[in-house]
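Note that the UniProt record's numbering has the sequence shown beginning at 1, numbered continuously upward. Idealized CB from N, CA, C, for every residue including glycine. Given the structure is predicted, the values throughout are model-derived calculations rather than measurements. As structure tokens, the structure follows; a few thoughts come after it.
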Amino acid sequence: MSQDRWVDQGKLYLGVLFLQVGYAINGVIVKSALNKGLNPCTFSVYRNIAAVVVFGPFAYFFERNMRPKMRLSVFLKIMLLAQLEPVMDQILYYTGMKYTTATFAIAMCNIIPALTFFMAWIFRLEKVNIKKRHSQAKIIGTLVTVGGAMIMTLVNGVPIPLPWTHISRVHPPVAPVALSYEDHRNMIKGAIMITIGCFFWAGFFILQAVTLKSYPAQLSLTSLICMMGALQGTVTTLVIERARRDIWSINWDAKLFATLYSGIVRSGASYYVSGLIMKIKGPFFVTAFNPFGMVMVVIMSSFTLGEQINVGRIVGAIIIVIGLYLIIWGKSKDPGLPDSRSNEVEMIDEETSPDKNQESDVVAGVIKEDRHVESPV
């Protein structure tokens, strides 16, 4: 493999790691804001507005000469994209997080790789041949990563004493308090909301990959999705919340910081980066690293919050790494997917094909004239 090839592959992996770090930080920040009274519906609206304000100017100036014409089919896809993730997924996901915890919500997102894989398989965006080892590795790796994430969530084990974590000797463990009926009901309600939101999120990745084939301007597509999401989210919020005006107030506090961070990083930057990656590797590759976000949450919680790391989390993290290795190996053996450069070349060739035909006709005419002139001699 050439050095340039290694560099290109390294950028892809750095991109997916950036997405997972951004997701993990976003989950912690937004959960804190939700506990302080942040409304999930207005949060979705303001978050998408922040993304449009930041990324809209870049899309206008950097892609004004390469932006394809807006067709009705593309516009309808953008409207559906805006409804899937910026509206339905965000409202359901963060409402479910409000009823549960950030760790639980992030753990539930580990079903997204499996959902995306099977959706991509159905829509032929992911090449799968059960008889081939690399396809078997992708399927097994997906199941292994999801299983590892579930182990990190459900299995505790013996806590590992670390210098920077809380010392259990000073504060002896307290017996767990039984959940009330209302708390148990809210947990179930939140889990259902997050699960449905994950289905919408997986569908968003699939439709984004399809839309990029006919509208390859990533910055413009990101800005349009967020703009349509803000408009549709406003209508949805007015229907759900009706006459509540207090939820629209904005103050200089943690809720505003969560909105700005989530809009710039979680919406704008993640839509753009995931679009770049899936044009080369497909939508499944983007979501395959979602369980790695659980590892990031555990590490950040250990250093920033002093939470204990137990054996169950260590075992789950190791299993996730093994599953990711299988997925990466399987994807490396896939037939080459057309990247963005080849797509652009194909589009240019299609656009200029009439000119080439005209040039060939002119050349043929000149040759015929030359032969006609030379024939009497």
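Could you check if residue i is buried or exposed, using at least 16 other CB atoms within 10 Å of its CB as the buried criterion?
i           : result
W252        : exposed
N129        : exposed
Q20         : buried
A102        : buried
M119        : buried
S267        : buried
Y60         : exposed
N65         : exposed
V16         : buried
L72         : exposed
W6          : exposed
D8          : exposed
V235        : exposed
I167        : With a pLDDT of only 48 at I167, under 50, the local geometry of the prediction cannot be trusted, and the value read off the model is given with reservation. Exposed: under 16 other Cβ atoms inside 10 Å.
residue 395 : Residue 395 lies beyond the residue range present for the chain, which begins at 1 and ends at 377; the question has no answer from this structure.
T100        : buried
M70         : exposed
K281        : buried
K255        : buried
I327        : buried
A230        : buried
V345        : No answer about V345 holds up, because its pLDDT of 38 lies below 50 and its placement is not dependable.
L324        : buried
F303        : exposed
V174        : Because the pLDDT of V174 is 47, which lies under 50, any placement of that residue in the model is unreliable, and the question is left without a value.
G10         : exposed
Starting from residue i, follow its DSSP beta bridges and name the residues at the other end.
i    : result
N310 : P159
When you compare each of the options to residue i by their alpha carbons, which one comes out closest?
i           : options                   : result
I151        : P113, L224, W329 and R313 : R313
P216        : L276, G147 and I328       : L276
P113        : K138, H134 and T234       : K138
I322        : T103, A82 and V144        : V144
E23         : S332, K333, D334 and V297 : One detail in the question is off: residue 23 reads as Tyr in this sequence, not Glu. Residue V297 is the option with its Cα nearest to Y23.
G56         : V286, S220 and G316       : S220
I122        : V53, L12 and V210         : V210
I318        : P68, G147 and Y93         : G147
V53         : L326, Y261, L238 and I192 : Y261
L212        : R67, F303 and I192        : R67
K331        : S135, L80 and A243        : S135
residue 387 : F289, M294 and V295       : Nothing in the structure corresponds to residue 387, since the chain is present only between 1 and 377.
Would the beta-carbon of residue i fall within 9 Å of that of residue j?
i           : j    : result
A105        : K31  : yes
residue 462 : G197 : Nothing in the structure corresponds to residue 462, since the chain is present only between 1 and 377.
G157        : V311 : yes
A51         : I240 : no
P283        : I320 : no
W329        : G141 : yes
A82         : N110 : no
I78         : S44  : no
N26         : P86  : no
V28         : V155 : no
T42         : I299 : no
F285        : A33  : no
I225        : Y271 : yes
R133        : K333 : yes
I250        : Y46  : yes
T237        : L38  : no
M193        : Y93  : yes
Assuming residue i contacts residue j under a Cβ cut-off of 8 Å, what Cβ separation, rounded to an integer in Å, is found between them?
i    : j    : result
P161 : T95  : About 37 Å separates the two Cβ atoms, so there is no contact after all.
F18  : V273 : 6 Å
V74  : S223 : In fact, because the Cβ distance is near 14 Å, the residues do not count as touching under 8 Å.
T116 : T287 : 4 Å
F200 : L84  : 5 Å
T195 : M108 : 6 Å
K127 : P335 : 6 Å
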